[in-house]
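Asker:
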Amino acid sequence: MGQNNYLKSIGVGIAAGAATAASIIAGRKVLNTAKISQGHPLKHRVLDISSNLLQPKYPLDAMSTYLNGFHFYADDMGRQVEASHFCIHLQHDLHQCVIFDRNAPDAKLIGIEYIINEERFKSLDEDEKLLWHSHHHEVKSGTLQAPGVPELAEHAYFEDLVTTYGKTFHTWQYDRHDFPYGIPQLMMGFTADGQAHDHLVEARDRRLGLSTDKKRASRADIPTPLVQPGANSWESGQTLQTDLQYMEMRDSTTSYEG
Numbered sequence: 136m137g138q139n140n141y142l143k144s145i146g147v148g149i150a151a152g153a154a155t156a157a158s159i160i161a162g163r164k165v166l167n168t169a170k171i172s173q174g175h176p177l178k179h180r181v182l183d184i185s186s187n188l189l190q191p192k193y194p195l196d197a198m199s200t201y202l203n204g205f206h207f208y209a210d211d212m213g214r215q216v217e218a219s220h221f222c223i224h225l226q227h228d229l230h231q232c233v234i235f236d237r238n239a240p241d242a243k244l245i246g247i248e249y250i251i252n253e254e255r256f257k258s259l260d261e262d263e264k265l266l267w268h269s270h271h272h273e274v275k276s277g278t279l280q281a282p283g284v285p286e287l288a289e290h291a292y293f294e295d296l297v298t299t300y301g302k303t304f305h306t307w308q309y310d311r312h313d314f315p316y317g318i319p320q321l322m323m324g325f326t327a328d329g330q331a332h333d334h335l336v337e338a339r340d341r342r343l344g345l346s347t348d349k350k351r352a353s354r355a356d357i358p359t360p361l362v363q364p365g366a367n368s369w370e371s372g373q374t375l376q377t378d379l380q381y382m383e384m385r386d387s388t389t390s391y392e393g
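Positions 136 to 393 (this note's numbering) are the ones given, in order, by the sequence shown.
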């Protein structure tokens, strides 16, 4: 075969491979969209499929990291829920994550989490610090994981994450309601063994093919950081939680600073 024909054959092969990959991705998008559109009128399903294939969704595409862990309500450690995070490292000292109840096309959007590094946390005022929790135990215990990521890459990632702090609000109390009733709730993370419900962790591990115990052992060499004062405010025996109150309504002619 001549060189030109050889190069052409490579080009055709690459193009065919790219086309196949694109069709697979497109097919998955159509299938996923079809799955979550079952409750929609037909006219909405057409829109869903078209927008999923044709509209760029840059913020969603940038969510490159999938983390699975657990949160508890800041005022009630007995209320614990699994949380699937999808995150982007937005800047050197800040990650932002959207949180779902699971990693599935029809998952419930249950909240958000901001993750900052230690230096940024130390710069916060004292009232702000009360909203944040440390990640040291979630990392060291193995309860927080990045499913499917090779061990070497995951270990390197968690070496950095162990010193970070998160501020989390859940907008859907899916442990109690099948609809997003109520107001956002402040959530916290575990700081010691014996706090997380074993049955939740074991069920998660079985479903996702994970081993929290093995992950804990593999992270034994990650140094445990000194937790900065102000984080994990619930450990004092008192905590913050959101509430609603009536406020005076300002009209458009009222000056306002804030």
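Glycine is no exception: its CB is placed at the ideal position from the N, C-alpha and C atoms.
What are the boundary residues of the beta strand (DSSP E) that includes L225?
Answerer: Translated into positions along the sequence shown, residue 225 becomes position 90. First-last of the beta strand (DSSP E) with L225: 211-226.
Asker: What is the rounded straight-line gap between the Cα of M323 and the Cα of T303?
Answerer: Along the sequence shown, read from residue 1 onward, the residue named residue 323 stands at position 188. Along the sequence shown, read from residue 1 onward, the residue named residue 303 stands at position 168. Rounded to whole angstroms, M323 to T303 spans 7 Å at the Cα level.
Asker: For Q380, I'd like the list of residues in its chain whose CB is within less than 8 Å of its CB, leaving aside the five on either flank, ordered along the chain.
Answerer: Mapped onto the sequence shown, residue 380 falls at position 245. Excluding residues within five positions, none has a Cβ falling inside 8 Å.
Asker: What number of angstroms, rounded off, separates the C-alpha of D211 from the C-alpha of S185?
Answerer: Within the sequence shown, residue 211 is the residue found at index 76, counting from 1. Within the sequence shown, residue 185 is the residue found at index 50, counting from 1. About 43 Å.
Asker: Using a Cβ distance threshold of 8 Å, determine whether the stretch 312-321 contacts the stretch 190-201, with at least three qualifying pairs required.
Answerer: At 8 Å Cβ cutoff, the stretches do not touch.
Asker: So what's F293 in DSSP terms, helix, strand or just coil?
Answerer: Here residue 293 refers to the residue found at position 158 when the sequence shown is read from its first residue. If DSSP states are grouped into helix, strand and coil, F293 belongs with the helices.
Asker: Give the list of continuous beta strand (DSSP E) stretches no shorter than 3 residues that lie fully inside the stretch 269-318.
Answerer: Complete beta strand (DSSP E) runs here, min 3: 300-305.
Asker: H332 and T298: beta carbons closer than 9 Å?
Answerer: What you label residue 332 is simply residue 197 of the sequence shown in a count that begins at 1. What you label residue 298 is simply residue 163 of the sequence shown in a count that begins at 1. No.
Asker: From what residue to what residue does the alpha helix (DSSP H) around L335 run?
Answerer: To locate residue 335, count along the sequence shown from 1; it is residue 200. 333-343 is the extent of the alpha helix (DSSP H) around L335.
Asker: Where S258 and V274 are concerned, what is the direct C-alpha to C-alpha distance, given to the nearest angstrom?
Answerer: Residue numbering aside, residue 258 sits at position 123 when the sequence shown is read from its first letter. Residue numbering aside, residue 274 sits at position 139 when the sequence shown is read from its first letter. If you take the alpha carbons of S258 and V274, they lie about 23 Å apart.
Asker: So the alpha helix (DSSP H) T97 belongs to, where does it begin and stop?
Answerer: Nothing can be reported for residue 97: it is not among the residues displayed for the chain, which extend from 136 to 393.
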